[in-house]
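**Q**
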Amino acid sequence: MKDLPARRLLLVHAHPDDESINNGATMARYAAEGAHVTLVTCTLGEEGEVIPPGLAHLAADRDDTLGAHRVGELAAAMRELGVTDHRFLGGPGRYRDSGMTGTEQNHRPGAFWAADPDEAAGHLVQVIRSVRPQVLITYDPDGGYGHPDHIQAHRVAMRAASLAADPAYGEGSGDPYAIAKIYWNRVPRSVVEQAFAHLRDTAPDAFPGIAAIDDVPGVVDDARITAEIDGAAYAAAKTAAMRAHATQIAVDGPFFALSNDLGQPVLTTEYYELVRGSAGGDDGAREHDLFAGVPDAAGAPGVRT
Ligand SMILES: [Zn+2]
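Sequential numbering of the sequence shown, starting at 1, is according to the numbering used here.
1. Please classify Ala-244: is it buried, with 16 or more other beta-carbons within 10 angstroms of its beta-carbon, or exposed?
2. Roughly how many whole angstroms lie between the Cα atoms of Leu-44 and His-288?
3. Would you mind giving the Cβ-Cβ distance between Leu-39 and Pro-133, rounded to the nearest angstrom? I have them listed as a contact below 8 Å.
4. Any idea if Asn-260 is buried or exposed, counting beta-carbon neighbours within 10 angstroms, 16 or more meaning buried?
5. If you count every other CB in all the chains shown that lies within 10 Å of the CB of Gln-264, and 16 or more means buried, which is it?
6. Using a Cβ-Cβ distance under 7 Å, would Thr-84 count as near chain D?
7. For Gly-82, name the three-state secondary structure that DSSP assigns.
8. Could you check where the alpha helix (DSSP H) with Glu-155 kicks off and where it finishes?
9. Starting from Gly-48 and walking both ways along the beta strand (DSSP E), at which residues does that stretch end?
10. May I ask which residues mark the beginning and end of the alpha helix (DSSP H) holding Phe-112?
11. Pick out every residue whose C-beta is nearer than 5 Å to a heavy atom of ligand 1: which are they, in chain order?
12. May I have the straight-line CA-CA distance separating Ile-210 from Arg-200, to the nearest angstrom?
13. Need the endpoints of the alpha helix (DSSP H) that Tyr-30 sits in, please.
14. Decide if His-107 is buried, meaning its Cβ has at least 16 other Cβ atoms within 10 Å, or exposed.
15. Nearest-angstrom Cα distance between Ala-75 and Val-83?
16. Just checking my contact of Gly-72 with Glu-46 at CB under 8 Å: how many whole Å lie between their CB atoms?
17. Taking the C-alpha atoms as reference points, what is the distance between Arg-96 and His-15?
18. Spatial neighbours of Val-303 within its chain, please: CB distance less than 6 Å, with the 5 preceding and 5 following residues excluded, ordered by chain position.
19. Please give the ranges of any beta strand (DSSP E) in the segment 223-293, keeping only runs that are unbroken, at least 3 residues long and fully inside the region.
20. Determine, using beta carbons only, whether Leu-124 and Thr-247 come nearer to each other than 7 Å.
21. Please work out which residues of its chain come closer than 8 Å, Cβ to Cβ, to Ala-165, disregarding the five sequence neighbours upstream and downstream, and give them in chain order.
22. Can you tell which of Phe-88, Val-127, Val-131 has its C-alpha closest to the C-alpha of Asp-3?
23. Relative to the C-alpha of Val-220, which residue among Ala-195, Pro-204, Arg-129, Arg-186 is closest?
24. How close, in whole Å, do the beta carbons of Gly-144 and Pro-217 come, if the pair is a contact with beta carbons under 8 Å?
25. State the Cα-Cα distance for the pair Pro-53 and Phe-112, rounded to the nearest angstrom.
26. Of the residues Ile-128, Ala-115, Ala-25, Ala-197, which one's Cα is nearest the Cα of Ile-229?
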């Protein structure tokens, strides 16, 4: 791909909806600032539970047409975030949602969890060498909360980042390219504690129950956070993107619930831990720009510094 913007951000996620919940504000902000934002989603989320009763027939144990429906939900969410480059790993339907840990779906043919990580990473290497992103965002080794597809997405993203940089890998699949900075999605414990307290104080009855802090993926001690992206200006875009995933997410003001009907706060400041590359800015201070310190992205047009 020629003539891409100076700043290029790649996100790797397991299912449609993960990107909006975890990174919706970050994606909207960088897209609005003129960066090229690429989303790679590894499965269609075929095994998701369906919230609206009128769409219950889509579920895997009935018509098994949820995947195709979620392709449309993801496209609508990307319109809300202003992101035009969204792809499925290996093409739509190449890898199927593996279901929750311990279910028989984990090992069915085509399940993402059953895929060879090297084979799956090969598809992502092509994207990396073509788009040449300076920044990659994905999950931690636990996938944030242990879902097999999230763990696999982490493995594939980290493996692909290494392979893309290896001159000996993949003759004919593009020039080697090293991603400057890799971040894992995080949520600082103090922030999520405060946000849940706010939910209990202001909207205790918005949902049938309230989630536990441990239900939130990627929660860690505050000290591990190295970057925070203030997405307050993009809160409406993030919320709209989450609403677009209507089979999976019920939004009520600044709160939402998944199919378990347990309320959670929508976080519009999003947090990250830098795990590869060097932080820009002051020593020890949190970064406020994921591209900070990346030489060929500095001073790019339309970029707030
Ligand atoms: Zn997911």
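Each residue gets a CB set at the ideal place from its N, CA and C atoms; glycine is no exception. Only a predicted model underlies this, so the values are computations on that prediction, with no experimental measurement involved.
**A** Based on what the coordinates show:
1. buried
2. 32 Å
3. Not a contact, Cβ separation roughly 11 Å.
4. exposed
5. buried
6. Looking for chain D here will not work: only one protein chain is present.
7. coil
8. Note on residue identity: the sequence assigns Arg, not Glu, to residue 155. Start and end: 148-165.
9. Note, Gly-48: premise wrong, no beta strand (DSSP E); not H, not E.
10. Per DSSP, Phe-112 belongs to no alpha helix (DSSP H) and is neither H nor E.
11. Ala-14, His-15, Asp-18
12. 8 Å
13. 18-32
14. exposed
15. 9 Å
16. So it is not a contact: roughly 14 Å between Cβ atoms.
17. 10 Å
18. Caution applies to Val-303, whose pLDDT of 42 falls short of 50 and renders its modelled position unreliable; the model cannot decide the point.
19. 227-230, 250-252, 255-257, 262-265, 269-276
20. no
21. Pro-176, Tyr-177, Ala-178, Ile-179
22. Val-131
23. Arg-186
24. 3 Å
25. 28 Å
26. Ala-25
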